[in-house]
Amino acid sequence: MDGNGRWAKRRGLPRTVGHQAGAEALKRIVQAAPDLGIRWLTVFGFSTENWSRPVAEVAELMALPQRYFRSDLPRLEREGVRVRVIGREGGLSRDLLAMCREAEARTAHNKSLFLTIAFNYGGQADIADAARRFAEEVAAGRAKPSDLDEAAFAGRLSTAGLPPPDLIVRPSGEQRLSNFVLWEAAYAEFVFQDVLWPDYAPEHLKAAIAEYHTRDRRYGAVIADDVLAAG
Ligand code: FPP
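Mapping the sequence shown onto the working numbering, position 203 (from 1) lands on 218, and the numbers just tick up by one.
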């Protein structure tokens, strides 16, 4: 959800106001996603690198999930959205963690949209944490090194149970992954859009999905026609 700072700067507003506008954009997209055929939606709310921002900005970013759940949890519950918050717990306040766990528990039975909020998340940190967990299991005698394959490793990431992403959308004109779902992105399609996140609307997501449908996904294989042509 990139571009909040630039959106605010263009209006002569503090960056924190950009993040508040970004939270409103998130609400719009979560509401629109099921009608666009989306079942799994994962958003990047705070990265393990975002701690290096000014203290007041970090404080505002920390307040946003609680505010979001306070205002929207009843609607998420009602509309069938299942919430999951992934990322490192260290550094997050007890209140924030309690609110996240409450949102997960209250929506645990929902099935229409699986909303994952990556918060204090980093793809490299997640891979390191998964590797450490597996090493601990081996040290405790609960697993053998030969048990580890791609599926077993994926099952130890914080995204375990989610399908690998089909489409990764990055707004704001930047063209990089910035430590998001590094392992999971192996065969994802990327769409970069030149719109700042606070301006992001369902029509932008619809356009990204339309672009996705023009892609030819081969997963490292060749398409059947080319096999025939090659004899
Ligand atoms: C990156 O834009 C955005 C963030 C670091 C925060 C994203 C968070 C939200 C949109 C609100 C999240 C709400 C919940 C409920 C999790 P940037 O600040 O780097 O923008 P810039 O590149 O223009 O400076």
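Every residue, glycine too, gets a C-beta built ideally from N, C-alpha and C.
Starting from residue i and walking both ways along the alpha helix (DSSP H), at which residues does that stretch end?
| i | result |
| --- | --- |
| Leu51 | Here Leu51 belongs to no alpha helix (DSSP H), and DSSP marks it neither H nor E. |
| Leu192 | Run containing Leu192: none; DSSP gives neither H nor E here. |
In whole angstroms, what is the alpha-carbon distance linking residue i and residue j?
| i | j | result |
| --- | --- | --- |
| Glu189 | Val58 | 16 Å |
| Arg25 | Asn135 | 27 Å |
| Arg232 | Gly105 | 38 Å |
| Leu192 | Ala200 | 9 Å |
| Ile238 | Tyr202 | 16 Å |
Under the three-state reduction of DSSP, which class applies to residue i: helix, strand or coil?
| i | result |
| --- | --- |
| Arg82 | helix |
| Ile224 | helix |
| Gly37 | helix |
| Asn135 | strand |
| Arg185 | strand |
| Ile238 | coil |
Heavy atom of the ligand GTP less than 7 Å from the Cβ of residue i, yes or no?
| i | result |
| --- | --- |
| Asn135 | As presented, the structure is devoid of the ligand GTP, carrying the ligand FPP as its sole ligands. |
Taking 7 Å as the line, does the beta carbon of residue i fall inside it for any heavy atom of the ligand FPP?
| i | result |
| --- | --- |
| Met114 | no |
| Met16 | yes |
| Ile132 | yes |
| Asn194 | no |
| Gly188 | no |
| Pro69 | no |
| Phe61 | yes |
| Gly20 | yes |
| Trp66 | no |
Along the chain, where does the beta strand (DSSP E) containing residue i start, and where does it finish?
| i | result |
| --- | --- |
| Leu111 | It is not in any beta strand (DSSP E) - Leu111 instead sits in the alpha helix (DSSP H) that spans Arg109 to Arg121. |
Original post:
With a cut-off of 8 Å, do at least 3 Cβ pairs link the region 100-110 to the region 33-43?
Top reply: no
Original post:
With a cut-off of 8 Å, do at least 3 Cβ pairs link the region 59-74 to the region 113-127?
Top reply: no
Original post:
When the Cβ atoms of the region 159-168 are set against those of the region 75-93, are three or more pairs found closer than 8 Å?
Top reply: no
Original post:
Should the region 35-50 be called in touch with the region 201-210, which here means at least 3 C-beta pairs below 8 Å?
Top reply: No, because fewer than three Cβ pairs between the region 35-50 and the region 201-210 fall closer than 8 Å, the two stretches do not touch.
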